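In terms of my numbering, the sequence shown opens at residue 47 and continues consecutively.
Positions of the beta carbon are idealized from the N, C-alpha and C atoms, including for glycine.
Owing to the predicted nature of the structure, the values given are computational and were not obtained by experimental measurement.
See structure below.
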Amino acid sequence: MPISKINPKKKFDAAVWLISIVNTGDKLTGHALLVIEGIQYSHTTHQKLFVGQYDIVAKMDKTDPSMLNKKGYIASIRIFEQGRYGRQYEHFPSKTYSIDPIDAKLIIRSIKEDHVLCQQAAKGEIEYPKFQLVGDKHLFSKIGMGDNCASWCMKKLKAGGITIDALMSKPKKLVK
Numbered sequence: 047m048p049i050s051k052i053n054p055k056k057k058f059d060a061a062v063w064l065i066s067i068v069n070t071g072d073k074l075t076g077h078a079l080l081v082i083e084g085i086q087y088s089h090t091t092h093q094k095l096f097v098g099q100y101d102i103v104a105k106m107d108k109t110d111p112s113m114l115n116k117k118g119y120i121a122s123i124r125i126f127e128q129g130r131y132g133r134q135y136e137h138f139p140s141k142t143y144s145i146d147p148i149d150a151k152l153i154i155r156s157i158k159e160d161h162v163l164c165q166q167a168a169k170g171e172i173e174y175p176k177f178q179l180v181g182d183k184h185l186f187s188k189i190g191m192g193d194n195c196a197s198w199c200m201k202k203l204k205a206g207g208i209t210i211d212a213l214m215s216k217p218k219k220l221v222k
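Here you go:
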C-alpha cells in the first residue's frame, strides 16, 4: 500500500483513495488546492499511481473599490494528472480525507465541468464563474458572488460527499 506524500500517516490503494486540501502559503496570502492520490488499473491490469492536482486561477476586477473583498472571475481551472507530484506538498498545511475512488472521480468530473465552463467563457460563449477574495461563506462575502480558492475546494469536496465546516478558510496546521 503506497503512503501519501502529503500526509505520511495515510495509506491508499485501488479501493481507498485520498484527497487533500492543501494551503500552499500562509493563511492570508496562501492558495488552496486539491490533490487526489490513488491507484488505478490500466487496460493491461497493471497498477498505476494516480496523482491529480487541481486549483483555480482568478483574475481580479481592477475597478472594484472594495478593500476587504476584492471581486473578479475564475479565469481557468488548472488540472495536472501526470502520475507524479508537482511540488513537495508535505511541507504545507493540509487536511486529508479517505475517499472511495468512485466519489473521487465524481469530484474530478465536477472539476472538469468547471474547466469546460472557463473554456467556454474564454470563447465568449458564457460569463466566467465569479470570484471573491474572501470566498463564498465568509463574514465579508456576498452570497452568490463567487468563490475563492478555499471555498471552491470545499465545494468540490462536497461533490464527493465530504462536508467540512463551512466557515473554515484554508488549512491552518499540518495533520499529524
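Can you give me the Cβ contacts of Ala129 inside the same chain, cut-off strictly under 8 Å, excluding the 5 residues immediately before and after it? Looking up residue 129 in the sequence shown gives position 83. Checking the displayed sequence, the identity of residue 129 turns out to be Gly instead of Ala. Cβ neighbours of Gly129 beyond the five flanking positions: Lys94, Leu95, Phe96 and Val97.
Alpha carbon of Ile102 to alpha carbon of Glu136, nearest angstrom: Against the sequence shown, residue 102 aligns to sequence position 56. Against the sequence shown, residue 136 aligns to sequence position 90. Taking the straight line from one Cα to the other gives about 20 Å.
With 16 other Cβ atoms within 10 Å as the buried cut-off, status of Gly207: Stepping through the sequence shown from its first residue, residue 207 is reached at position 161. Gly207 should be labelled exposed.
Following the continuous beta strand (DSSP E) through Ser88, name the residue where it begins and the one where it ends. Taking the sequence shown and counting its residues from 1, the one referred to as residue 88 is at position 42. Looking at the DSSP string, Ser88 is not in any beta strand (DSSP E), and its letter there is neither H nor E.
For the alpha helix (DSSP H) that Val162 lies in, which residues bound it at each end? Within the sequence shown, numbered from 1, the residue matching residue 162 stands at position 116. Unbroken alpha helix (DSSP H) run through Val162: Pro147 to Ala168.
Assign Ser88 to one of two classes, buried (16 or more other C-beta atoms within 10 Å of its C-beta) or exposed (fewer than that). In the sequence shown, the residue the question calls residue 88 occupies position 42. Classification for Ser88: exposed.
Return the first residue and the last residue of the alpha helix (DSSP H) that Ala224 is part of. Because the chain is modelled from 47 through 222, residue 224 falls outside the range shown and cannot be assessed.
According to DSSP, Lys105 sits in a beta bridge with which residue or residues? Stepping through the sequence shown from its first residue, residue 105 is reached at position 59. DSSP lists Tyr119 as partners of Lys105.
My output table needs one value for Lys202: the three-state DSSP class, helix, strand or coil. One-based indexing of the sequence shown puts residue 202 at position 156. Looking at Lys202 - three-state DSSP - the assignment turns out to be helix.
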